[in-house]
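Worksheet: one structure, shown below.
Residue numbers (the numbering used here): 6 to 230.
Written out as structure tokens, the structure is:
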């Protein structure tokens, strides 16, 4: 999925006919987050140890470098990475039945995707702490009031209403919106964000190595005693 998203954003970024990049979820959820079941976590850890890389880092790099305005249509609950990537979007339109949750600490892991930088800037330190450290959930209306969400629309007719809005935004002067976005996130800012993403990757890899060492000790103790 991350490879597909990375490629999709890359194609949109290089397509001269594309004015806006819009993405949404399939079904009732915007995203249910990564599958962190025991089996999938072990598979994930094995991949990290083999490749020494985090699978979503290239995807986040594409979001950071993206030249077109990014609009997220949050058609339902946004959990995990689908929540924290919203800090990299230019507009977030949510249905009134959406909610926003970052259950990282509960899972014994830490958030990436620059959320520890973008969220405090967007919604303040106190609310960011509630979400990122303590795993509290925000409703769509709370997210709107906080500034994480740009608009909230009724779930009934959400697809039709967001389609109208996107068509309206697509009629705006292309060069003007591209230049305005570039001024809001210039090359220096982009490079700083890319560096931050790389730093986060190294931290997550180091945490994983510590976990791997802990598992090795546990296996040794079980075998020994």
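Ideal Cβ positions, reconstructed from N, Cα and C, are used throughout, including at glycine.
Hey, residue i and residue j are a contact pair by Cβ (cut 8 Å); roughly how many whole angstroms apart?
| i | j | result |
| --- | --- | --- |
| residue 68 | residue 14 | 7 Å |
| residue 123 | residue 137 | About 11 Å; that fails the 8 Å criterion. |
| residue 60 | residue 52 | 7 Å |
| residue 119 | residue 93 | 7 Å |
| residue 71 | residue 19 | Incorrect: roughly 11 Å between the Cβ atoms, too far for contact. |
| residue 163 | residue 80 | 6 Å |
Can you say whether residue i is buried or exposed, counting buried as having 16 or more other CB atoms within 10 angstroms of its CB?
| i | result |
| --- | --- |
| residue 224 | Legend: pLDDT at residue 224 = 48, less than 50; position of this residue unreliable, value from coordinates given subsequently. Counting Cβ neighbours within 10 Å, residue 224 comes out exposed, since fewer than 16 surround it. |
| residue 205 | buried |
| residue 24 | buried |
| residue 194 | exposed |
| residue 202 | buried |
| residue 198 | buried |
| residue 221 | The pLDDT assigned to residue 221 is 42, lower than 50, so where the model puts this residue is not dependable; a value taken from the coordinates is nonetheless given after this. So residue 221 counts as exposed. |
| residue 45 | exposed |
Looking at residue j and residue i, is the spacing between their C-beta atoms short of 8 Å?
| i | j | result |
| --- | --- | --- |
| residue 98 | residue 78 | yes |
| residue 89 | residue 106 | no |
| residue 87 | residue 117 | no |
| residue 177 | residue 73 | no |
| residue 34 | residue 108 | no |
| residue 150 | residue 158 | no |
| residue 95 | residue 65 | no |
Just list the residues that DSSP pairs residue i with in beta bridges.
| i | result |
| --- | --- |
| residue 104 | 144 |
| residue 156 | 98 |
| residue 90 | Residue 90 pairs with nothing; no bridge assigned. |
| residue 29 | 78 |
| residue 185 | For residue 185, which the question treats as bridged, DSSP gives no partner whatsoever. |
| residue 84 | 106 |
| residue 197 | BP columns for residue 197 are empty, so no partner. |
| residue 36 | 83 |
Discussion item. Using a Cβ distance threshold of 8 Å, determine whether the segment 145 to 158 contacts the segment 91 to 104, with at least three qualifying pairs required.
Written reply: Short answer: they touch.
Worksheet entry | Touching by the beta-carbon criterion (3+ pairs, under 8 Å), the segment 128 to 135 and the segment 177 to 192 | Taking 8 Å as the limit for Cβ pairs, the verdict is that the segment 177 to 192 does not touch the segment 128 to 135.
Worksheet item: Taking three-plus beta-carbon pairs below 8 Å as touching, is the segment 162 to 176 in contact with the segment 104 to 118?
Response: Per the Cβ contact rule, the segment 162 to 176 is not in contact with the segment 104 to 118 (fewer than 3 Cβ pairs under 8 Å).
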